[in-house]
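> Take this structure first; my questions come after.
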Amino acid sequence: MGLKVAKFGGSSVADALQIEKIKNIIENDGDIRYVVVSAPGKRFSEDSKVTDLLYLCKTHIEHKIPYQQIFQVIRDRFMAVKVNLGVDVNLSSEFEEIQKNLEEGASADYIASRGEYLNAMIIAAYLGYDFVDAASMVRFDDKGRFMEELTNTEIKKKLAEHERAVIPGFYGAKVDGTVRTFSRGGSDITGALVARAMDADVYENWTDVSGFLMADPRIVDDPKPISSVSYKELRELSYMGASVLHEDAIYPARVANIPINIRNTNRPEDPGTIITSEPAALEEGQVIAGIAGSKDFTVIAMYKNLMSSERGFIRKMTAILEDYDVPIEHIPSGVDTLSVVLDNDAIDGKLDEIVDEFERQLKPDTMEVFENMALIATVGHGMSSRTGTAARLFTALAEEKINIRMIDQGSSEMNIIVGVENKHFETAIRAIYRAFVK
Ligand code: ASP
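According to numbering that gives the first Met the number 0, the stretch in the sequence shown is residues 0 to 437, in order.
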């Protein structure tokens, strides 16, 4: 018998109807022994996620504004799930305790974690699986930093006592028992940790899309699904804005070499996307895995005669940016030219000062600043083994009369990043897609 860990995201466990679907999925696959769940997410697009409502209760209390109405909405949602599934869980006493803790000043992390906690309890009862609290396995140190190796041993130890279990995602606890959460979307991480500790054959991550698409469907009409992608390619794609899976969820699966399969709870017949360590076997004629990008970057381009033989130029530049607490996205460079790409959010009104400081300390002969730039990454292992990939990409953009302001090819040759003006972002992505995807 195999062993699978399945994580179900917020929309997959948003109400009783969705939870019935996950029961079907689990009953059809006896290998799914460990199930990690999120808190109930949105049931329709204007709906609220339970986690957001829980945070809202906490902020209301902090500002001394009545929170009871919001708390009641959360309670009603869980009560409806319990009644509709017909499970026997004493939710009233759980809610009494949560409310008591809330009023006694419990932390935002504790409050936020209760969505996963209650959902896991209900789902465990409904599936006839054991409930195992993540607070007893997922460990953080007293400063709140995640303790990966200890967590791995604790999960192994604890779950060895349970043949089948449901575990709440998103949180764990410090050694003194105080609850601590991962960042938002963190149930993906819990799923990956359980998969690693239990040496699963596969980590199934069930959501509301059938895996990754080769481009953003809001930009490209009906983009092709990515059937298989490597961890590295995925890392590049998600760094550039493609999102389905929490980025930190990749690492635990990757170290243990466990494939991640993104699946759709509403279309369980779809195979979804498989993420593995080996580069994906490419279909005939396919060169790229996908295209992703983001808007709103600034490029500062400097030219200085004999820059290449000057000592410390890059060090001084990075030190200035460090002083202003602005992380660097990319540094494309030429012999005597150097550009630095920064995220507009991170610059946050400090651009003029940074430019002045560059002027003063780096003394470039010329310096140009391009605001409102978009970066587009074309990603794929297949690119390194073919000639003419870059030519194809640049021709596609030239034909659309799009000016490329920056080019950066990662040394892995798995990725070509181009910088274009924000206003050309969508057209550029469509042009690249047409050039590479038949
Ligand atoms: N419920 C948490 C959130 O909304 C964590 C998760 O769903 O993964 O961020």
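Using N, Cα and C, we set each Cβ at its ideal position, and we do this for glycine too.
The structure displayed is predicted, hence computed values, not measured ones.
Mapping the DSSP letters down to three states, classify Arg179 as helix, strand or coil.
Stepping through the sequence shown from its first residue, residue 179 is reached at position 180. Of the three classes helix, strand and coil, the one that applies to Arg179 here is strand, per DSSP.
> Relative to the alpha-carbon of Met366, which residue among Gly184, Phe357, Ile249, Ala373 has its alpha-carbon at the smallest distance?
Looking up residue 366 in the sequence shown gives position 367. Selected option, being the one with the closest Cα: Phe357.
> Since Ile261 and Asn204 are thought to touch, with beta carbons under 8 angstroms apart, how far apart are those beta carbons, to the nearest angstrom?
Residue numbering aside, residue 261 sits at position 262 when the sequence shown is read from its first letter. Residue numbering aside, residue 204 sits at position 205 when the sequence shown is read from its first letter. Right, the Cβ-Cβ distance comes to about 5 angstroms (below 8 angstroms), so this counts as a contact.
> State whether the segment 46–63 contacts the segment 80–90, with contact taken as three or more CB pairs (one from each stretch) at a distance under 8 angstroms.
No, the segment 46–63 does not touch the segment 80–90.
> From Pro251 to Thr152, what distance separates their C-alpha atoms?
Position 252 of the sequence shown, counted from the start, is the residue given in the question as residue 251. Position 153 of the sequence shown, counted from the start, is the residue given in the question as residue 152. Approximately 13 angstroms, taken between the alpha carbons.
> I'd like to know if the segment 285–295 and the segment 362–381 are in contact, where contact means that at least 3 CB-CB pairs between them fall below 8 angstroms.
The segment 285–295, when compared against the segment 362–381, does touch it at the 8 angstroms Cβ threshold.
> Would you mind giving the Cβ-Cβ distance between Thr189 and Gly168, rounded to the nearest angstrom? I have them listed as a contact below 8 angstroms.
On the sequence shown, position 190 is the one that residue 189 refers to. On the sequence shown, position 169 is the one that residue 168 refers to. With 8 angstroms as the limit, Thr189 and Gly168 qualify as a contact, their Cβ atoms being about 4 angstroms apart.
> Is Thr377 near the ligand ASP - that is, is its Cβ less than 7 angstroms away from at least one heavy atom of it?
Counting from 1 along the sequence shown, the entry for residue 377 is found at position 378. Result no, Cβ not under 7 angstroms from the ligand ASP.
> Among the candidates Ala107, Lys142, Phe130, whose CA atom is the shortest distance from the CA of Lys157?
As a working note, residue 157 is residue 158 in the sequence shown. It is Phe130 whose Cα lies nearest to the Cα of Lys157.
> Looking at the unbroken beta strand (DSSP E) that takes in Pro222, where does it start and where does it end?
Residue 222 sits at position 223 when you count from the first residue of the sequence shown. Pro222 -> no beta strand (DSSP E), and no H or E assigned at all.
> Using 8 angstroms as the threshold, is the C-beta distance between Ser227 and Arg266 below it?
Residue numbering aside, residue 227 sits at position 228 when the sequence shown is read from its first letter. Residue numbering aside, residue 266 sits at position 267 when the sequence shown is read from its first letter. No, they are not a contact pair.
> Tell me, to the nearest whole angstrom, how far the beta carbon of Met316 is from that of Leu361; I am working on the premise that it is less than 8 angstroms.
Walking along the sequence shown from the start, residue 316 turns up at place 317. Walking along the sequence shown from the start, residue 361 turns up at place 362. That belief holds up - the Cβ atoms of Met316 and Leu361 are roughly 6 angstroms apart, short of 8 angstroms.
> Taking 8 angstroms as the threshold (C-beta atoms), are Val12 and Val36 in contact?
Working through the sequence shown from its first residue, we reach residue 36 at position 37. Working through the sequence shown from its first residue, we reach residue 12 at position 13. It is a contact, given that the beta carbons lie within the stated cut-off.
> Please state whether DSSP places Arg310 in a helix, a strand or coil.
In the sequence shown, residue 310 corresponds to position 311, counting from 1. Arg310: coil per DSSP, three-state reduction.
> What whole-angstrom Cβ distance do Val378 and Glu277 have, given they're in contact under 8 angstroms?
To locate residue 378, count along the sequence shown from 1; it is residue 379. To locate residue 277, count along the sequence shown from 1; it is residue 278. With 8 angstroms as the limit, Val378 and Glu277 do not qualify as a contact, their Cβ atoms being about 16 angstroms apart.
> Given 7 angstroms as the limit, tell me if Phe169 has its C-beta closer than that to any heavy atom belonging to the ligand ASP.
Looking up residue 169 in the sequence shown gives position 170. True, at least one ligand heavy atom lies under 7 angstroms from that Cβ.
> Do you know offhand how far Asp132's Cα is from Ile416's?
Counted from its first residue, the sequence shown places residue 132 at position 133. Counted from its first residue, the sequence shown places residue 416 at position 417. When rounded, the distance between both Cα atoms is 43 angstroms.
> Between the segment 99–114 and the segment 51–60, are three or more C-beta pairs nearer than 8 angstroms?
Flag = yes, the segment 99–114 and the segment 51–60 touch.
> Residue range of the beta strand (DSSP E) that Asp342 falls in?
Residue numbering aside, residue 342 sits at position 343 when the sequence shown is read from its first letter. It spans 336–342 - the beta strand (DSSP E) in which Asp342 sits, taken as one unbroken run.
> Would you report the Cα separation of Leu337 and Met405, rounded to the nearest angstrom?
In the sequence shown, the residue the question calls residue 337 occupies position 338. In the sequence shown, the residue the question calls residue 405 occupies position 406. Each residue's Cα considered, the two are about 11 angstroms apart.
> Would you grab the beta carbon distance between Val436 and Lys223 for me? Rounded to a whole angstrom, and I think it's under 8 angstroms.
Position 437 of the sequence shown, counted from the first residue, corresponds to residue 436. Position 224 of the sequence shown, counted from the first residue, corresponds to residue 223. Contact holds; Cβ gap of about 6 angstroms.
> Can you tell me whether Ala390 is buried or exposed? The criterion is at least 16 other CB atoms within 10 Å of its CB, across all chains shown.
Reading the sequence shown from its first residue, position 391 is the one you call residue 390. Its Cβ having fewer than 16 others within 10 Å, Ala390 is exposed.
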